[in-house]
Amino acid sequence: MIPRLFFAHLPTPIEEMPHLSAELKGPELFIKRDDQTGLAFGGNKTRKLEFLLAEAQAQGAETLISAGAIQSNHCRQVAAAAARFGLNCVLVLFGQAPKVAEGNYLLDQLFGAEIVSTTREQRDTKLQSVFEEAQAAGRQPYLIPYGGSNATGALAYAFAFDEMLSQDLSPDWVIFASSSGGTQAGMVLGAKRIYFKGKILGISVDRPAEQLKSLVAQLAEETSIRLGDKISFSSADILVNSDYTGAGYGIMDSPEKEAIRLFARREGLLLDPVYTGRAAAGLIVLIHKGFFKPEEKVLFWHTGGTPALFTKQYSQFLAN
Ligand SMILES: Cc1ncc(COP(=O)(O)O)c(C=O)c1O
């Protein structure tokens, strides 16, 4: 039995996006609403945290420790989960903090997380030292890796894949934002376990394709061991497109802005500036290029992140 807590709002709905399909003259488009998983505005981390929190509880943890960028969605959801399960939370955040707390950074504070600031270069060392200090102080820390992407967190998306198929849609393509690799690793594992015929394409948010493919393959293999089926994966099994990483992580440009506006105006759907906006921008370019056959069914898997819309950095660019 794999330890799991049940707090996500599941199954998340799958909706059609007919207006977007028509506007783009593209294939049949669907969206899976993992922006609606519950826990502090939802997102893909809610699913991962069901497994990570169960492991933390089993180990008698009293403090959750994790790290990410100032506007990390992952950290916001870790902070919420800690509050929900009566644990302390320490977040090691890198990057420039806004003068007035906003977006995820504001929510971290509402959830009562202790915030330790650092730089991108120092983040690993800082995380390690924060963890060791908590251990020495008897705070029983449990370390959640960046993005919750280890074999425990990735399990969630193997199960999510079963959930998607039980919703009577067998898409030809599943497309989503991929970064620390846990979401994609879980999905490819879930897919391989049931001999899924469609293709799973991660749009890289920040890493070169080869690097992300090997990360996902390794993580999928480790996760499969957790399920007791030891399926092997190589980079050749993993589809990643890193053509849309633009100027770098978190730097929103016109493609993301256009994608966010298009989803909002045609379907009343909100994407985020860092992850789903970028993945949707990639999807739109692929449709324009004729990458998909007109009769194919394409599922865009929304992974959350919308609180970052409400930050000065992005809102000033998105507003009219
Ligand atoms: C909104 C959102 N989408 C996608 C991702 C990428 O998921 P993964 O890190 O599992 O690749 C993240 C990761 O932080 C995220 O916050």
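Read in order, the letters of the sequence shown are residues 1 to 320 in our numbering.
Yeah, the Cβ is synthetic: ideal placement off N, Cα and C, and Gly gets one too.
The structure displayed is predicted, hence computed values, not measured ones.
Using only alpha-carbon positions, find the residue among the options that is nearest to residue i.
{"i": "E50", "options": "S242, P98, F159, M252", "result": "F159"}
{"i": "R321", "options": "G103, E132, Y146, L212", "result": "Residue 321 is absent from the structure shown; the chain starts at 1 and stops at 320."}
{"i": "A97", "options": "D108, A151, I70", "result": "I70"}
{"i": "M1", "options": "N241, Y244, A54", "result": "A54"}
{"i": "S379", "options": "R193, I144, L169", "result": "A question about residue 379 goes unanswered here, because the residues of the chain that appear run from 1 up to 320."}
{"i": "I150", "options": "P255, E221, R266, A191", "result": "It is worth fixing the name first, because residue 150 is Asn in this sequence and not Ile. Closest by alpha carbon: E221."}
{"i": "T37", "options": "D237, A8, R76", "result": "A8"}
{"i": "S234", "options": "G228, E210, Y244", "result": "E210"}
{"i": "A308", "options": "A191, H74, Q167", "result": "H74"}
{"i": "S214", "options": "G282, G182, Q109", "result": "G182"}
{"i": "N44", "options": "Y249, Y157, V216", "result": "Y157"}
{"i": "L219", "options": "A280, R265, G304, Q184", "result": "Q184"}
{"i": "S170", "options": "L189, L155, K199, G186", "result": "K199"}
{"i": "V240", "options": "F263, P208, A264", "result": "P208"}
{"i": "A67", "options": "V90, Q57, V100, E16", "result": "V90"}
{"i": "Q57", "options": "F85, A236, T46", "result": "F85"}
{"i": "K48", "options": "L155, A137, A40", "result": "L155"}
{"i": "F188", "options": "S166, A217, D168", "result": "Here the sequence assigns Val to residue 188, which means Phe is not the residue at that position. The shortest C-alpha separation from V188 is found at A217."}
{"i": "N104", "options": "A40, G148, G138", "result": "A40"}
{"i": "P11", "options": "L227, R193, I238, Q167", "result": "Q167"}
What separation, rounded to the nearest whole angstrom, lies between the Cα atoms of residue i and residue j?
{"i": "L106", "j": "T306", "result": "13 Å"}
{"i": "G112", "j": "A83", "result": "7 Å"}
{"i": "A80", "j": "S232", "result": "35 Å"}
{"i": "I260", "j": "G277", "result": "6 Å"}
{"i": "K126", "j": "T152", "result": "23 Å"}
{"i": "L212", "j": "L5", "result": "29 Å"}
{"i": "L201", "j": "Y195", "result": "16 Å"}
{"i": "I65", "j": "T223", "result": "22 Å"}
{"i": "I225", "j": "Y314", "result": "40 Å"}
{"i": "F295", "j": "H288", "result": "First, the residue type needs correcting, since residue 295 is Glu and not Phe in the sequence shown. C-alpha separation (whole angstroms): 15 Å."}
{"i": "P3", "j": "N320", "result": "47 Å"}
{"i": "P255", "j": "D229", "result": "41 Å"}
{"i": "E114", "j": "Y249", "result": "25 Å"}
{"i": "P13", "j": "E133", "result": "42 Å"}
{"i": "T63", "j": "V78", "result": "11 Å"}
{"i": "F263", "j": "L269", "result": "5 Å"}
{"i": "F94", "j": "L24", "result": "38 Å"}
{"i": "G290", "j": "K99", "result": "44 Å"}
{"i": "Q135", "j": "M17", "result": "49 Å"}
{"i": "G138", "j": "E15", "result": "47 Å"}
{"i": "R76", "j": "L110", "result": "10 Å"}
Excluding sequence positions up to five away, which residues of its chain have a Cβ less than 7 Å from the Cβ of residue i?
{"i": "D253", "result": "G246, A247"}
{"i": "F317", "result": "M252, K257"}
{"i": "E102", "result": "F310, T311, K312"}
{"i": "H19", "result": "R266, E267"}
{"i": "A280", "result": "A259, F263, L271, F300"}
Please report the residue range of the beta strand (DSSP E) in which residue i lies.
{"i": "G202", "result": "199–204"}
{"i": "K32", "result": "28–33"}
{"i": "V274", "result": "Here V274 belongs to no beta strand (DSSP E), and DSSP marks it neither H nor E."}
{"i": "T37", "result": "T37 -> no beta strand (DSSP E), and no H or E assigned at all."}
{"i": "E114", "result": "114–118"}
{"i": "I65", "result": "63–69"}
{"i": "H302", "result": "297–302"}
{"i": "F292", "result": "It is not in any beta strand (DSSP E) - F292 carries neither H nor E in the DSSP assignment."}
{"i": "Y142", "result": "141–143"}
{"i": "W176", "result": "Checking the displayed sequence, the identity of residue 176 turns out to be Phe instead of Trp. Start and end: 173–178."}
{"i": "N88", "result": "88–94"}
{"i": "L239", "result": "239–241"}
Quick check: does the Cβ of residue i come within less than 7 Å of any heavy atom belonging to ligand 3?
{"i": "Q184", "result": "No copy of ligand 3 appears in this structure; the ligands present are ligand 1."}
Sorted by chain position, which residues of the same chain lie with C-beta nearer than 8 Å to residue i's C-beta, five sequence neighbours on each side aside?
{"i": "A61", "result": "L87, Q140, P141, Y142"}
{"i": "F292", "result": "G26, P27, D172, W173, L286, V298"}
{"i": "S21", "result": "P27, E28, L29"}
{"i": "F131", "result": "I65, P141, L143"}
{"i": "D243", "result": "G282, V285"}
{"i": "V116", "result": "V90, L91, V92, L93, K126, V130"}
Starting from residue i and walking both ways along the alpha helix (DSSP H), at which residues does that stretch end?
{"i": "Y105", "result": "103–110"}
{"i": "A319", "result": "First-last for A319: undefined, no H or E at that position."}
{"i": "H74", "result": "73–84"}
For residue i, collect the residues of the same chain with a Cβ closer than 6 Å to its Cβ; drop the 5 residues on either side in sequence, then sort them by chain order.
{"i": "V205", "result": "A177, S179, Y275, R278"}
{"i": "G42", "result": "D35, Q36, G304"}
Exercise. Pair every Cβ in the stretch 286–304 with every Cβ in the stretch 20–38, then say whether three or more of these pairs are closer than 8 Å.
Key: yes
Quiz item: Does the stretch 262–274 come close enough to the stretch 152–167 to have 3 or more Cβ pairs within less than 8 Å?
Solution: no
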